[in-house]
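Throughout the sequence shown, residue numbering follows mature numbering (1 follows the signal peptide of the UniProt record, and there is no 0), covering -17 to -1, 1 to 314 in sequence.
Note that CB positions come from ideal geometry on N, CA and C, so glycine has one too.
Just so you know, these numbers come straight off a predicted model, no measurement behind them.
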Amino acid sequence: MWSTYLDVVLLSHPVVAFLTVKHPNMHAKPSNLQYFIVSFVSLLLLRYAASTYFGTPEQISLAVCTTVDQPNPIASIYPNNATGTLNGTVAVIPISLKLARQLIPPQYGILEHAYRALLPTFPEGMYPAIVQALHDHEVQAFGYKIDDFTRTGIEFPFVDLLNDNHTSFKWAPSLLMAAGHEIALKGAGDYGTNTFPATFEPGCDAYRAVPKAKKPGTTSFSARSINSAESLTTLFSSTQEEMFPLSFFKNFTNQPTFADGKTCDNMIRLFNTSLTTAPNRIERVMGTVRANIHPFAGEQEWKGVYGLRMATAFIENNYLNCEDFRGYGDP
Ligand SMILES: *[C@@H]1O[C@H](CO)[C@@H](O)[C@H](O)[C@H]1NC(C)=O
Ligand SMILES: *[C@@H]1O[C@H](CO)[C@@H](O)[C@H](O)[C@H]1NC(C)=O
Ligand SMILES: *[C@@H]1O[C@H](CO)[C@@H](O)[C@H](O)[C@H]1NC(C)=O
Ligand SMILES: *[C@@H]1O[C@H](CO)[C@@H](O)[C@H](O)[C@H]1NC(C)=O
Ligand SMILES: *[C@@H]1O[C@H](CO)[C@@H](O)[C@H](O)[C@H]1NC(C)=O
């Protein structure tokens, strides 16, 4: 970034000097040429120093933001695909089917029979909305790696985008996303997602341990939009209770995802890499989610929310024709 800035200054420097020399009032001063040479040489030295010490922009931000995340274990297996790791918490927020019906665009059905097939005891009249609070790490393709970023939002799985009463899609209308990460913000915006540039606590990791917490394994995460009222915070503790089976999480996290429905995102989350086996593990958690984010009106709080704290590797295929996912995941 600094190098680019200095390059621009250096390029425009002769133009500035030319104008200065041409200016009638300045013309009288004999020191103009000297001033021009001295400042040009100084800038040249600064430019040289910038490229020597800072190198590429990625190295600058890595220097101010280091994560403890494990490396992407599948980058070398799929070098020509977008891969990365997602570390964070995924949890199920039961809301009434009536509210879900109001929030999900009316042209799309809700595949209640599809989630009941996976969760036969899920309470009557309820729908499983999803919260994801994730740190994207070592996202790359063709050897080009982008900076890590964090994002969070509430998503709506088991949506009948194709009106076939069968294929489940996940509607992800809004995301709080790392402010300044133009690649990630544009990437999500191109799906029609409402993106809210945000700051996160912690800034460079998935969550943070809460010191001296009463319950074991308590961690926090918070996101705040930098120029609007949107926010999302979570507080989760370890639990032994398995409210929802892992197969349910595997199912909805792997549903093709859309926002405005023009294109679909095929995020394939892998639960069989080194990130989910010892010493890493998938942990069951229970806690509280507080959110003020579209499509919900105003601040919401949900207690007793069950989820998983984990890191998974992923392969992502972007901007695909949603129609091509008819029957996706069928045996
Ligand atoms: C996920 O993030 C947490 C919090 O920063 C960290 O303790 C853990 O090691 C990470 N897991 C992996 C597999 O990277
Ligand atoms: C990798 O990318 C290619 C080309 O886009 C795609 O056809 C293939 O399905 C992707 N691989 C996986 C495992 O998704
Ligand atoms: C959708 O499929 C389910 C399960 O096969 C069935 O019970 C239901 O009647 C179907 N709904 C419509 C509108 O066809
Ligand atoms: C891991 O799971 C994916 C599908 O979820 C599969 O394509 C891949 O072969 C599996 N890898 C191993 C090593 O079992
Ligand atoms: C999710 O489960 C449903 C059954 O309710 C199944 O039809 C679908 O293929 C599964 N989706 C994925 C992505 O595994």
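For residue i, write down the residues that DSSP places opposite it in a beta bridge.
i           : result
residue 153 : 240
residue 79  : 109
residue 167 : None, per the DSSP bridge assignment.
residue 182 : 207
residue 283 : 274
residue 158 : 178
residue 102 : Residue 102 pairs with nothing; no bridge assigned.
residue 127 : 124
residue 117 : 71 and 134
residue 94  : DSSP, once it has assigned bridges, lists no residue as partnering residue 94.
residue 304 : Per DSSP, none; premise fails for residue 304.
residue 49  : Beta-bridge pairing links residue 49 to no other residue.
residue 172 : Its beta-bridge partners do not exist; DSSP assigns none.
residue 289 : 75 and 269
residue 141 : Beta-bridge pairing links residue 141 to no other residue.
Where does residue i land, buried or exposed, given buried means 16+ other C-beta within 10 angstroms?
i           : result
residue 312 : exposed
residue 151 : buried
residue 208 : buried
residue 103 : exposed
residue 239 : buried
residue 18  : Here residue 18 scores only 49 on pLDDT, less than 50, and its place in the model should not be relied on; the value that follows carries that caveat. Residue 18 should be labelled exposed.
residue 121 : buried
residue 300 : exposed
residue 147 : exposed
residue 202 : buried
residue 115 : buried
residue 275 : buried
residue 133 : buried
residue 136 : buried
residue 213 : buried
residue 87  : buried
residue 49  : exposed
residue 280 : exposed
residue 294 : buried
residue 96  : exposed
residue 217 : buried
residue 60  : exposed
residue 10  : The pLDDT assigned to residue 10 is 46, lower than 50, so where the model puts this residue is not dependable, and the model offers no usable value.
residue 166 : exposed
residue 127 : exposed
residue 170 : buried
residue 206 : buried
residue 192 : exposed
residue 261 : exposed
Between the options, which lies nearest to residue i when the distance is taken from Cα to Cα?
i           : options               : result
residue 172 : 80, 247 and 282       : 247
residue 388 : 206, 66, 255 and 253  : Residue numbering for the chain in the displayed model covers -17 to 314; residue 388 lies beyond these limits and cannot be assessed.
residue 110 : 116, 118 and 101      : 101
residue 107 : 98, 114, 211 and 115  : 98
residue 149 : 174, 168, 56 and 93   : 93
residue 289 : 266, 297 and 194      : 266
residue 242 : 153, 257, 114 and 53  : 153
residue 256 : 50, 54 and 48         : 54
residue 57  : 204, 296, 216 and 48  : 296
residue 292 : 268, 273 and 281      : 268
residue 204 : 261, 271, 280 and 263 : 271
residue 340 : 251, 68 and 169       : Since the displayed the chain opens at -17 and closes at 314, residue 340 lies outside it and no answer follows.
residue 64  : 308, 251 and 309      : 251
residue 131 : 145, 81 and 188       : 188
residue 183 : 244, 261, 215 and 262 : 215
residue 385 : 244, 84 and 80        : Residue numbering for the chain in the displayed model covers -17 to 314; residue 385 lies beyond these limits and cannot be assessed.
Mind checking whether the beta-carbon of residue i lies closer than 7 Å to any heavy atom of ligand 6?
i           : result
residue 146 : Ligand 6 is not part of this structure, which contains only ligand 1, ligand 2, ligand 3, ligand 4 and ligand 5.
Quiz item: Does the region 69 to 84 come within contact of the region 302 to 311, defined as at least 3 CB pairs closer than 8 Å?
Solution: no
Self-check item: Within the region 196 to 279, ranges of the beta strand (DSSP E) (whole runs, at least 3 residues)
Solution: 202 to 208, 214 to 221, 247 to 253 and 266 to 275
Practice problem: Determine, using beta-carbon pairs with one atom in the region 218 to 233 and one in the region 187 to 206, whether at least three such pairs fall under 8 Å. | Solution: yes
Quiz prompt | the region 282 to 289 in contact with the region 74 to 91 per 3-pair CB rule at 8 Å | solution = They touch, by the three-pair rule.
Quiz item: Is the region 232 to 243 close to the region 139 to 150, with three or more CB pairs under 8 Å?
Solution: yes
Quiz item: Can you find at least 3 beta carbon pairs, one from the region 155 to 162 and one from the region 174 to 186, that sit closer than 8 Å?
Solution: yes
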